[in-house]
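Below is one structure; the comments refer to it alone.
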Amino acid sequence: MTDTRPSSPLPGALRVFARPLAAGYSRIIGSRNAAFDAGRGVVEIDRPVISVGNLSVGGTGKTPMVAWVVRTLVEAGHHPAIAMRGYASGAGESDEALEYRESFDGVPVVAQPDRLAGLLALFATEQGEKCDCVVLDDGFQHRRISRQLDIVLVDATCNPFSDRLLPSGWLREPVASLARAGVVVLTHSESAPASELAGIKREIARIKTALKIAVSRHVWKSLTVVVADGQRSEPVAWLRGKRVVAACGIGNPGPFVKSVNEAAGNPAIEFVRPDHDPFVPRTLQQLVDLAKARAVDAIVVTGKDWAKLKRVRREAWPCPVVRAHLEIAFDEGAEALKRAVLDTADAALPAREQ
């Protein structure tokens, strides 16, 4: 699968301004990174920090990767906190924050623009005192908080080495910034040809020879099927042969739609909204009307969008609503990534040493 995004986030009529705007943006990013590289404005907290981020706008699979890191830490006996900026979902909390709270009972989630202030407030509580490490969601550009490990995700279906800086392209900062990473994880490998993966790895190695590289894919492990009188768990095979709507509001919908098509065994009807779309009542009604008009057997949604669709009364849906539970699986580099995560969390910082 190739990159299905438009060449620029700007509307077609405004793309004539993209290059000069990107040049200005490049100067701002360069100045900002130079200041952080020199340590100006960087605050070190008294717990190890692991950042999960990316180079581009949306769609690389940060949420399942953060979940993998948190699960790895918890299984090893650590007590992580998750810190994130948070994007309003219309229900008072971000999509990802709601998903993390549902997935990790007892793991505190700080979701606010000032992540540092949120973490310091958490650490002043009884729950926060028990936290021994922090996982930053979307933290690669959030350089105010010092970190001991940067995990940077690269979507294998959206080659950053063929992309340009915002707003001419989708890159938040130049690919040379990968030199700051401790580990690069190629995501969505299931949707990229082997030649593309090999080419991206070669380009990454030119930036930093010793950089660890892992290759991952998204795997559906189960389904939650919601009907008027409740919900139940089903295997992925439950979708086989059904006529479905694939509904999502994520940065790169291509891999999700592809997974829906493969699970159902036929092309899904696509209901695609912009990344972090709040699914306001009008949008939800459009989805209900579409499902009725096309007489589908199910509406399949991402974990991020599940919390927003729950606002609709179950009996109002004309068919089952299905949440796909996915997890990260690795084709290579899993042990090196796990070791990097645990070594970082195990290394007590001076302020926390007993």
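Residue 1 is where the sequence shown starts when you use my numbering, and the numbers rise one by one after that.
Ideal Cβ positions, reconstructed from N, Cα and C, are used throughout, including at glycine.
Keep in mind that this is a model prediction, so the values were computed, not measured.
Nearest residue (CA-CA) to residue i, options the options
{"i": "Val43", "options": "Ala194, Arg144, Asp163", "result": "Arg144"}
{"i": "Ala194", "options": "Val215, Ala181, Arg206, Val175", "result": "Val215"}
{"i": "Phe271", "options": "Leu326, Leu290, Glu96, Gly265", "result": "Leu290"}
{"i": "Ala156", "options": "Asp150, Val185, Ala264, Gly24", "result": "Val185"}
{"i": "Pro281", "options": "Gln231, Val74, Lys308", "result": "Lys308"}
{"i": "Arg323", "options": "Thr283, Pro160, Thr224", "result": "Thr224"}
{"i": "Ala117", "options": "Met65, Ile45, Glu327", "result": "Ile45"}
{"i": "Glu196", "options": "Pro160, Pro174, Glu173, Ser8", "result": "Pro160"}
{"i": "Ala247", "options": "Arg180, Ala237, Lys258", "result": "Lys258"}
{"i": "Gln231", "options": "Glu126, Asp114, Cys319", "result": "Cys319"}
{"i": "Gly59", "options": "Gly251, Phe279, Ala316", "result": "Gly251"}
{"i": "Ala97", "options": "Ala263, Glu234, Arg71, Asp137", "result": "Asp137"}
{"i": "Arg71", "options": "Ser177, Trp306, Ser103", "result": "Ser103"}
{"i": "Pro113", "options": "Glu93, Tyr100, Arg101", "result": "Glu93"}
{"i": "Ala181", "options": "Gly249, Ala205, Trp170", "result": "Ala205"}
{"i": "Ala210", "options": "Gly199, Val226, Ala179, Phe279", "result": "Ala179"}
{"i": "Gly249", "options": "Leu119, Asp95, Glu332", "result": "Asp95"}
{"i": "Pro174", "options": "Gly39, Asn33, Lys130, Glu99", "result": "Asn33"}
Residue i (DSSP reduced to helix, strand or coil)
{"i": "Ala97", "result": "helix"}
{"i": "Ala91", "result": "Note on Ala91: pLDDT 49, under 50, position unreliable in the model; the coordinate value appears next. Coil."}
{"i": "Asp155", "result": "strand"}
{"i": "Arg71", "result": "helix"}
{"i": "Gly333", "result": "coil"}
{"i": "Gly24", "result": "helix"}
{"i": "Arg294", "result": "coil"}
{"i": "Ser56", "result": "strand"}
{"i": "Arg339", "result": "helix"}
{"i": "Phe279", "result": "coil"}
{"i": "Thr187", "result": "strand"}
{"i": "Gln127", "result": "helix"}
{"i": "Phe271", "result": "strand"}
{"i": "Thr224", "result": "strand"}
{"i": "Ile250", "result": "coil"}
{"i": "Glu327", "result": "strand"}
{"i": "Val312", "result": "coil"}
{"i": "Val175", "result": "helix"}
{"i": "Val107", "result": "coil"}
{"i": "Glu44", "result": "coil"}
{"i": "Asp137", "result": "strand"}
Rounded separation between residue i and residue j - CA only
{"i": "Asn54", "j": "Val152", "result": "5 Å"}
{"i": "Val321", "j": "Val312", "result": "11 Å"}
{"i": "Ala336", "j": "Lys212", "result": "7 Å"}
{"i": "His188", "j": "Val341", "result": "21 Å"}
{"i": "Trp68", "j": "Asp163", "result": "27 Å"}
{"i": "Thr63", "j": "Pro20", "result": "33 Å"}
{"i": "Tyr25", "j": "Leu239", "result": "45 Å"}
{"i": "Ala228", "j": "Thr302", "result": "20 Å"}
{"i": "Leu14", "j": "Ala121", "result": "43 Å"}
{"i": "Thr283", "j": "Gly12", "result": "24 Å"}
{"i": "Val219", "j": "Ala329", "result": "7 Å"}
{"i": "Asp277", "j": "Lys304", "result": "10 Å"}
{"i": "Ala18", "j": "Ser168", "result": "5 Å"}
{"i": "Ala347", "j": "Glu203", "result": "31 Å"}
{"i": "Gly139", "j": "Ser146", "result": "10 Å"}
{"i": "Phe123", "j": "Pro108", "result": "10 Å"}
{"i": "Glu234", "j": "Gly86", "result": "31 Å"}
{"i": "Gly61", "j": "Glu327", "result": "10 Å"}
{"i": "Pro48", "j": "Ala237", "result": "41 Å"}
{"i": "His142", "j": "Arg115", "result": "9 Å"}
{"i": "Gly106", "j": "Glu75", "result": "13 Å"}
{"i": "Trp317", "j": "Gln285", "result": "10 Å"}
{"i": "Ala23", "j": "Ala176", "result": "16 Å"}
Sequence-distant residues of its chain with Cβ nearer than 7 Å to residue i (five each side left out)
{"i": "His78", "result": "Asp132, Cys133, Ala345"}
{"i": "Asp343", "result": "none"}
{"i": "Ala35", "result": "Gly41"}
{"i": "Ala334", "result": "Ala214"}
{"i": "Lys201", "result": "Ile213"}
{"i": "Asn261", "result": "Pro267, Ala268"}
6 Å CB neighbourhood of residue i in its chain, flanking five on each side removed
{"i": "Glu190", "result": "Arg217"}
{"i": "His325", "result": "Lys221, Ser222"}
{"i": "Ala91", "result": "Since pLDDT at Ala91 reaches only 49, below the 50 mark, its modelled position is unreliable, and no value is offered."}
{"i": "Arg339", "result": "none"}
{"i": "Pro255", "result": "His188, Ser191"}
{"i": "Ala264", "result": "Leu239, Lys242, Val244"}
{"i": "Val183", "result": "Ile151, Lys212, Leu337, Ala340"}
Distance between beta carbons of residue j and residue i, contact taken as under 8 Å
{"i": "Ile299", "j": "Leu287", "result": "7 Å"}
{"i": "Val52", "j": "Val135", "result": "7 Å"}
{"i": "Pro274", "j": "Leu166", "result": "Wrong, their Cβ atoms sit about 16 Å apart, outside the cutoff."}
{"i": "Ala81", "j": "Gly128", "result": "7 Å"}
{"i": "Leu149", "j": "Ile50", "result": "5 Å"}
{"i": "Ser56", "j": "Arg172", "result": "6 Å"}
{"i": "Val226", "j": "Arg314", "result": "6 Å"}
Proximal residues to residue i (C-beta, below 8 Å), its chain only, five neighbours per side dropped
{"i": "Val245", "result": "Ala268, Ile269, Glu270, Phe271, Leu287, Leu290, Ala291, Arg294, Val296, Ala298, Ile299, Val300"}
{"i": "Lys208", "result": "Leu178, Ala179, Ala181"}
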